[in-house]
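954 is the number of the first residue of the sequence shown in the working numbering; add one for each residue after it.
To keep things clear, I will list the structure first and then write my remarks on it.
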Amino acid sequence: MSLVDLKKHVPSGTIILNRRDKRNALSRESMVELRQAFEDFRQERKVRAVILTGAGESFCSGMDLGEMLATSKQPDSQSRWYDDAVQYKDLIEAMLRFPKPIIAAVNGPAVAGGAGLVLACDIVVAGEGASFGFPEPRRGLVAGLVSPLLTFRIGAGYAANLLLSARTIDAAEALRVQLFHELVKDDLVWARAHAIAEECAKSAPESLLLTKRMLNENIGEHLGVLLSAGAAASATARTTEAAQEGLAAFLAKRPPVWR
């Protein structure tokens, strides 16, 4: 079964994260499929904007923590951690460079790396039941790749509040700090995202491409450096005893015991 589904409804296309049983968590395989989905829609001329959403009641719960815990027990775990961090970084950068508008239709919780996907989108619509969380420190991890995206979106002050407290915020608070752009009823999230895609499609494709390029160039080089540094920090954090304890505690549904 595909972990990422594609639907075409000109002038937009929809990419659906489809791991309902894992709350659409990102595994290595699903990140490969997600990269390919964007590439498929990049080549589809009739698709002028892309909607990203999740199946079921979650947008994306972040990285697959079960896969991460299994990796921590492998002899080559340190190199795998770095490869995993680079894979996610490459996905984020591919989204930032994507030549067409990407509209996030946030239909539920967007957590950790899932929140990072939201932050890599150009326009974000969220339902009233959406929530956003950055719980990495409570798992013994670091939001190395998400933190620069969050800082660019909402500013360093409130980003520090969210990243250090590791708390989850509801849609109302997230809208207030401008983490996303438009709040709608839960059953209208995709429809509103599609309506925005139709608005985008009224513009010349070349103009949209150049506009996105201009926007990204304003932060591009600096953000690229921060993402590379974040990948290294994220990989390093995953090698620690704290990460093993945090992941094991989360999966066992018990409080972590920090040393």
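No residue lacks a Cβ here, since even glycine has one placed at the ideal position from N, Cα and C.
Alpha-carbon to alpha-carbon, residue j and residue i
i       : j       : result
Asn897  : Ala1079 : Lying outside 954 to 1212, the shown extent of the chain, residue 897 is not represented and no answer is given.
Cys1153 : Pro1209 : 46 angstroms
Leu1005 : Thr1192 : 31 angstroms
Asp1139 : Glu1081 : 6 angstroms
Thr967  : Asn977  : 15 angstroms
Ala1182 : Gly1097 : 8 angstroms
Val1077 : His1134 : 5 angstroms
Gly1110 : Asp1123 : 18 angstroms
Val1142 : Pro1028 : 44 angstroms
Ser1084 : Leu1115 : 13 angstroms
Glu1159 : Lys1165 : 10 angstroms
Tyr1041 : Met984  : 7 angstroms
Phe991  : Leu1204 : 31 angstroms
Val1071 : Ala1057 : 6 angstroms
Ile1107 : Asp1043 : 22 angstroms
Ile1055 : Val1137 : 18 angstroms
Candidates the options: closest to residue i by CA position
i       : options                               : result
Leu956  : Arg972, Ile1045 and Phe991            : Arg972
Glu1046 : Glu1198, Leu1204, Leu1176 and Ala1185 : Leu1176
Leu1132 : Pro1090, Leu1018 and Val1064          : Val1064
His962  : Asp1029, His1147 and Leu1022          : His1147
Pro1090 : Ala1202, Met954, Pro964 and Ser965    : Ala1202
Ala1195 : Lys1155, Ser983 and Trp1211           : Trp1211
Pro1101 : Ser1187, Ala1124, Val1077 and Ala1144 : Ser1187
Glu986  : Leu959, Gly1110 and Gln1027           : Leu959
Leu1117 : Asp1123, Gly1086 and Leu1128          : Gly1086
Ala1119 : Lys1206, Ala990 and Ala1068           : Ala1068
Lys999  : Ile1149, Lys1053 and Leu1094          : Lys1053
Leu1162 : Arg1001, Arg988, Cys1013 and Ser980   : Arg1001
Met1016 : Lys1155, Asn1169, Arg981 and Glu1159  : Arg981
Asn1169 : Ala1073, Ser965 and Ala1008           : Ala1073
Buried or exposed by the 16-neighbour rule on C-beta atoms within 10 Å, applied to residue i
i       : result
Leu970  : buried
Met1048 : buried
Met1167 : exposed
Leu1094 : buried
Asp974  : exposed
Val1178 : exposed
Gln954  : A small correction: the amino acid at residue 954 is Met; Gln does not occupy that position in the sequence shown. Classification for Met954: exposed.
Contact test: residue i Cβ vs the ligand ATP heavy atom, cutoff 6 angstroms
i       : result
Glu1089 : Absent from the structure shown: the ligand ATP. Ligands present: none.
Short Cβ contact (7 angstroms threshold) for residue i with residue j
i       : j       : result
Ser1032 : Thr1024 : no
Ala1112 : Thr1104 : yes
Gly1199 : Arg1092 : yes
Ser1011 : Pro1062 : yes
Gly1066 : Leu979  : yes
Residue i - containing alpha helix (DSSP H), residue span
i       : result
Val1059 : From DSSP, Val1059 is part of no alpha helix (DSSP H) but of the beta strand (DSSP E) over Ile1055 to Val1059.
Ala1038 : Ser1030 to Arg1050
Phe933  : Outside the modelled stretch of the chain, which goes from 954 to 1212, sits residue 933, for which no answer is possible.
Val1071 : Gly1066 to Leu1072
Terminal residues of the beta strand (DSSP E) in which residue i lies
i       : result
Ala958  : Per the sequence shown, residue 958 should be read as Asp rather than Ala. Segment Val957 to His962, the beta strand (DSSP E) holding Asp958.
Val1078 : Ile1076 to Gly1080
Asp1123 : Thr1121 to Asp1123
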